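J.: After the structure tokens below, expect a handful of questions from me.
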Amino acid sequence: MISFSVSDMTCGHCVNSITKAVKALDQGAQVHIDLATHRVDIDPSEVSAADLSDAITEAGFTPIAVDCRASMEITSEAPARKGCCCG
């Protein structure tokens with residue numbers, strides 16, 4: 102399981118955009134998104150965490166990798182973005 106915190110994900114449209122971006126990269130991926138906690142959990146079938154992060158970034162969001170074992174965010178130097186349409 103690969104997890105990201107996506108704080109600029111603010112609505113259902115954002116959820117759909119992220120899901121579509123992940124599925125375009127990896128059709129077999131299982132995507133679980135919790136909008137309330139801004140958490141995106143992905144069980145990929147064939148791609149790396151870096152590729153998934155890039156796909157989410159290209160969709161207009163700022164994913165920050167989360168270490169599931171420690172439940173702590175891994176810091177990232179990515180600039181903050183406004184998200185898809187609600188920013």
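In our numbering, the protein residues as written are 102 to 188.
Quick reminder that beta carbons are idealized off the backbone N, C-alpha and C, glycines included.
Quick caveat: nothing in here was measured; it's all calculated off a predicted structure.
1) When you compare the CB of Ala166 with every CB in chain C, is at least one pair closer than 8 Å?
2) Sort His114, Thr111, Thr120 by Cα distance to Leu153 and report the nearest one.
3) On a Cα-Cα basis, can you pick out the residue from Thr163, Asp168, Val107, Ile165 that is closest to Cys134?
4) Please classify Asn117 as buried or exposed, where buried requires at least 16 neighbouring CB atoms within 10 angstroms.
5) Does DSSP put Ala125 in a helix, in a strand, or in coil?
T.: Once the coordinates are examined:
1) In the structure shown, chain C cannot be found, because there is only a single protein chain.
2) The shortest Cα separation from Leu153 among His114, Thr111, Thr120 belongs to Thr120.
3) It should be noted that the sequence gives Ile, not Cys, for residue 134. For the residues Thr163, Asp168, Val107, Ile165, the minimum Cα distance to Ile134 belongs to Val107.
4) By the 10 Å Cβ count, Asn117 comes out exposed.
5) It is helical.
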